[in-house]
């Protein structure tokens, strides 16, 4: 990090110098001072000097920072309209290629088809803090993306460049603990997206005890800014509820007594890097790291939320999703409409019998139009090669979890020997790998589907509207 | 660096695991074990799993390392022939674009025109030490480049990717001194390209004294491997000869007594990164760094070799370069054919009077077909915005310098306030900025050109064969 | 710090091993297991093996940690009674010395006079965390010191050894800022003794802004434990009130705009190191450090509390301190008995006129029986060579400051060129160096003393009971 | 290390300032400028200011550095004569103690008996680089020690203070490898005392291979100066000869293939710290460290020289040491007088049969007047708790080893479970613990002693002159 900041200082100094030159003295530079952003971008694309290029880049990004919301939209629009490929050069390159299939002609075609803004973004990246500013620029772009299809093309350019700049080879994994600098820790508090950290005292409870770990990925040009981090609990069994992990009064153990590492929270930190995936890599590195340090660890599991479950279940209950539930099941599920249902023992027990088989179905057979699991967290872990290990009824009684998932949490199991096979089962055959216990729950709901109509008591509650489940819903 | 090696360990571990999976058990992986390199490359391009992808990448690079010279040529040939763009997809994309000028169509065209090997190289880069191996692969490619034009296209892909991976924002500047780890210092010895370092004792003399500095650029994925480094002497005047700088018995001064920083050796370390320029940036950063640490420094100059001078002069003497020298001049220059000419005082003085004006011409008016200075070191510094400050007759009496440049060395001056203007003068008007003293030397030779025929004594020695100097030689 | 913890691990490992040997197997070691603390201490003094010595030391310190309050007193008593010098050896050494004045005889006498517990403490210090435990042991000793004069001798031994172990040459100065590890920052919160830090947010306000600094001394064997730290505000003028420094809404400035560094809080962290002085050294190092980094800094001042002032003034008002105040002055000072006096504008202005001259007297002429300034903070800064620069009426309106000092704060000025002279003026002539403004206040009170009886209005309020002020109170 | 040098800079700056004050301006300080060293020392002892004290200390040490050899002797003499205890104070303290046995009286006596130079040395230690300079001062003292008994008292003071300053708790263990800074590595080359390192290339061979390790102790006030270091070879068997370890062409193995760690060279670096023992601690830490990193390691042995053997054997052969050798034995040993004996196969085999049993006697039964093993290296390792494991005939054929030990080397075995017992056997019963094989060799020589006179062939060669071996030689 000292190096990073040293480097930033250097860039700043060179840039300031260049800027001074740029905006003082000669006619050219007076022109620059008056120029609008589009002109400056054109100047940057045609500049050849080092210092003047960096100065222009810094000037453009500074002006961008100062734009109001409308100005920012105009800027994005300009990037889209004015900095695509040069149409006439592209036409020429196409013409040449039609008669000349040489490598040189292909290269020329490839270059002519490249939007000019790719080079523009590359040059903006040379400004001090350029990378960080461009990440914020994309964050804004993503927020506006649904306003205009035009932004899809723009985002494709950002994605292409970020994929290269944030190549996994450039990321460094660092442990985060109670001896980590406070300026980084405050970002852990800020970015925690799964189980909120309410205070420094709570942060301390997650980092300082001997049976807690945390790891984050960093990038050399975003020093002191974690990209993604994972919080880990070391335990003697696979926990069923987040309260067991986070409870202040829980029994602490020594790290070498632990048999199980529980990944109970994974948070992406930079909105502007959405879709540039690091998380899967993070988990695998952390598994490797923990295995080496703590040979006693045998199980690597998550304790994960199910953010899409309640929404899906609402659709099912409204018969809007191709499943028909039995009357009995619907009646039981109606208990969920009481905001305090989870606290009522009898009701909760009843709900569990209906909810878990439906949850098994949610994970194992439901699919997005693209054929992927419908739950976003499931997509992440299953796509990573994990196995769906256990459904935990009322694993999280916080209002957020009750609202999103009726309190459901699940464990995904990372077994290094099976990761590749699991991943390929999903990628190639669309099959979700799950434990026998979870599959068994599905067969309970299958019973219902087949036998139907509730006459078999609480186990039989699901009716299939049409038999070609999935097939009809592509 | 610990982080870097930690990271490499991690990659290695994950890769080993993936590899074990890849080459044991399932049918697929048995196929991989038997597959040839082309098949493996195709598998890598179509792979979707993290570990299996890294394993494939590592397998391919390991096999590549084991190839003999012929096998390596075949591999490059294969990359060229089999991993260009998919012709039919490209044709389709062109067809679409002709009727549909939408962004989506342009993106599709751009992607279709991208050689498939770009993605292949990106994926190979994920292997542990992938970047370092690909740098070696390009080194081999460059060595073979003149064998086949096919390699130009291949090199364009490497250059494009390296430009992104070795983005200046990722480089870190580190001082190299006598407290630098020995494993890095031994590379400084190895890579020094200008004034050889014969032993650790000599290295110590260049690094340890208070009036010596050295800086290098490093890249996070090539830890412990400098990319380029510069050696600096802190002095009280601008040196005329390299012996003044390197002499063992020279008087040492305190750093804060120095007024002048002399960049007397700049060496690129990685052949495989040729053309990916860092050096100009290095010098500017070092200037900034030194200015901050040592406010007493007023002058930033080089003491540089002139590697192309003797070759050029030989052509001139053979009247093969459009200049006609006077008889007197030719006779004087004939003294150079005695290998010991530099030691003979009278002769040397005579030579100096003829040689320096010719050298001024070499720098100031001679141009490559592209209109750039003919001397490669001059191209670098002048392109950087430096000014040609002084010609030093017999500045280096080593056999190498006598042979390459008849002992000539020059000082380039880096004056931060003029860098942009100097750079633009060259880039836009083709004008080499030089000190009055150097320009004055040129007018001496100009005198000769105009007056001709030696009747004006030793100052008049150059005759122009045709008056459209430069114009006729494009 | 990694090294420190690595080292502690090592010690722990060797010690554990030694301990296992010590308490298993042979008859000796069974004896140890049953032995009481005194026996173990005797065993430690006579042990010669490395591992067994460390094991014994660790065993003793562990048992000491487990003692209850009474046990701890008994332990200290035992150290005092049983581990003084060996009386018979000392007598012999004295006898020898009376006839033999050789160096050898002196050495023998010196050694015989050394309490055996000095060697015992040295050996206890070899245990892992031995130093930290002994610092806690002395903390307990100091807390008990008034119970028994016996402890004075014991404390002399601790002081002698700590003086050597905490030699300033072993201390390292480290900046504390918002990128400091949280485990150290939480100790800054805990140990701040002057202006309480109520939360991490408040800590951030003291460390993160560009115009704030903090520095601490650390010792290699108390890693992560600051010994003393100082908080610094960078300002454009010398502040009169702590609210100006700590106010959340204050205007922040850039560090290089500052002309003045204000040391507004100095806290010792380790009770067990009381009397082992580092603070004076800390301030001088920090002054040097800041001067180098920020050449714009011209003034180095404190904004300091006056913890002994209210107690002294109470004695004066009770006529118990040799001064007789005028009726008018006493009446004005009676306003202080209203707890809300500071908020009442008229009253406060009246009080100021009486209070400040008395404060000047408190600093300039009052002395302890040993002839030193009566205020402990004044003793520290004046002894350090600072000058008393300004008295700030109601500089701190917090309840604590109102109660201890009627809200008075003062600025001490550190002027590097005068430090030695100031220090020597105090040390050799007992003279407190103060600014003319402060001295002038004193002459106001002197007027009162001479003219007497209040007839000169508000300036005349002090009457001297006897004219040999100070002389009679030794 | 950055901290250390930062700290040194600070000290330097404060000192320079103090010095400027000291030697400019006031009368006092002009006195100092002219004062001789003794006066300066008295001034330092009576000084109370921080800066002036450091300035005086620095001035004294600087002048000391500039002394010639005679001046240095005078300085030591002065320390001895003028800075012992104050005789009159000591007499008073003795008088008081005779009637007053209170703690206070004892403390006063102890203080009065302390040589004044102890406090003087403590204050000199405050100078920048004070510790390093005092270490050099003691180095000089040791070199002069035999000139005068006076120096014994002086050395006792140095030893006492160094023992405290170089407390093991302050030492840090650092691995030395090929990535260690060159300025430290050059000291490894310089200080290697057992098997010379002739070049950087040879150093590289000792540090860079995967089966080599090196560790050193450092002290915070002697940054970049190793105190002691040990070189380790990782092997698959216990080596018999140093050539097996150092041979350039030896087979390298992976660290995790090794079963045996061989400590083949231990060098103390600072002559001035002679007698302040760290080496034993170093070995035990390194054993712990290696065990943790490389669980495959089972044996920890040395391959050690026997520096006193040849000298001892010469005395035996001259019948000057209480042993009478048989004629046959003497005749065989006469072969050693041929400088090339080791190269002659027959001769060497004959010598071996006589030499090894004598070597066993040298280690197992010979003792110094104090009852310790006669070999200095044996004293170190055996005192450490190692066991004498094997005698290696012609283990080192270098001229130095042939001359000192007739080529003999030995292995000492460090077995953690036995270290305490071995140590105590030697410390308390004077018993050297050795392997059965070594003891067996002794019984061969014992045979000779009993049976005498050579008639039993080559095994019988030693004759005892008197039967109370050892008893007569105190």
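Chains as they are written, first to last, in full-length UniProt numbering: chain A, 1 to 474; chain P, 1 to 474; chain Y, 1 to 474; chain W, 1 to 474. Ideal Cβ placement from N, Cα and C applies to all residues, glycine included.
For residue 148 of chain A and residue 384 of chain P, the gap between their C-alpha atoms comes out near 43 Å.
Three or more beta-carbon pairs drawn from the region 66-84 of chain P and the region 36-46 of chain P are found closer than 8 Å, and the two stretches are therefore classed as touching.
Rounded to whole angstroms, residue 134 of chain A and residue 135 of chain P show a C-alpha spacing of 28 Å.
Within the region 390-452 of chain W, complete alpha helix (DSSP H) segments of at least 4 residues are found at 399-405, 419-429 and 436-451, given in chain order. In this structure, residue 277 of chain P lies away from residue 229 of chain P, with their beta-carbon atoms at least 7 Å apart. Neighbourhood of residue 373 of chain A in chain P, by CB distance below 8 Å: empty, with the nearest CB roughly 15 Å away.
Judged by DSSP secondary structure, residue 174 of chain P falls within the beta strand (DSSP E) whose first and last residues are 172-175. For residue 172 of chain Y, none of the residues of chain A pass the 8 Å Cβ criterion, the least Cβ distance being about 17 Å. Three or more beta-carbon pairs drawn from the region 159-170 of chain A and the region 116-127 of chain P are found closer than 8 Å, and the two stretches are therefore classed as touching. Within the region 392-419 of chain A, no residue has its Cβ closer than 8 Å to any Cβ of chain Y. Each residue's CA atom was taken as its position, placing residue 295 of chain A and residue 256 of chain W some 17 Å apart. Among the residues facing chain P, residue 109 of chain A is included, as its CB has a counterpart in that chain under 7 Å away. Per DSSP, residue 340 of chain W lies in no beta strand (DSSP E) segment and is marked neither H nor E. The residues 238, 259, 260, 261 and 413, in chain order, have a CB closer than 8 Å to that of residue 299 of chain P in the same chain once the five nearest residues on each side in sequence are set aside.
Around residue 47 of chain P, the same chain offers 53 and 56 as residues with beta carbons nearer than 7 Å, after the five sequence neighbours per side are excluded.
When DSSP assignments are scanned along the region 266-319 of chain W, the uninterrupted stretches of beta strand (DSSP E) that are 3 or more residues long and fall wholly within it turn out to be 299-302. Take residue 275 of chain W, set aside five residues on each side of it, and the residues of its chain with a beta-carbon closer than 7 Å to its own are 159, in chain order. Around residue 433 of chain P, the same chain offers 387, 422 and 425 as residues with beta carbons nearer than 6 Å, after the five sequence neighbours per side are excluded. Collapsing the DSSP output to three states places residue 181 of chain A in a strand. Between the alpha carbons of residue 197 of chain Y and residue 141 of chain A lies a distance of about 41 Å. The region 215-235 of chain W and the region 188-197 of chain W touch, with three or more beta-carbon pairs separated by less than 8 Å. For residue 182 of chain Y, the nearest beta carbon of chain A is closer than 7 Å to its own beta carbon. Along the region 291-308 of chain P, none of the residues has a CB nearer than 7 Å to a CB of chain W. Taking the Cα positions, residue 102 of chain W is about 34 Å away from residue 221 of chain Y. Taking every protein chain shown into account, the CB of residue 428 of chain Y has fewer than 16 other CB atoms within 10 angstroms, so this residue is exposed. Using beta-carbon distances, residue 222 of chain A does not count as an interface residue toward chain Y, since no partner is under 7 Å. A distance below 7 Å between beta-carbons, with the five flanking residues on each side excluded, links residue 245 of chain W to the following residues of its chain, in chain order: 233, 239, 262, 264 and 303. Only exposed fits residue 65 of chain Y, as fewer than 16 other CB atoms lie within 10 angstroms of its CB. Per the C-alpha coordinates, the member of P:242, P:92 and P:86 positioned closest to residue 116 of chain P is P:86. Residues 252, 254 and 255 of the same chain have their beta carbon placed closer than 7 Å to that of residue 210 of chain Y, with the five preceding and five following residues left out of the count. In the structure shown, the three-state DSSP call for residue 194 of chain A is coil. When DSSP assignments are scanned along the region 223-264 of chain W, the uninterrupted stretches of alpha helix (DSSP H) that are 4 or more residues long and fall wholly within it turn out to be 242-246.
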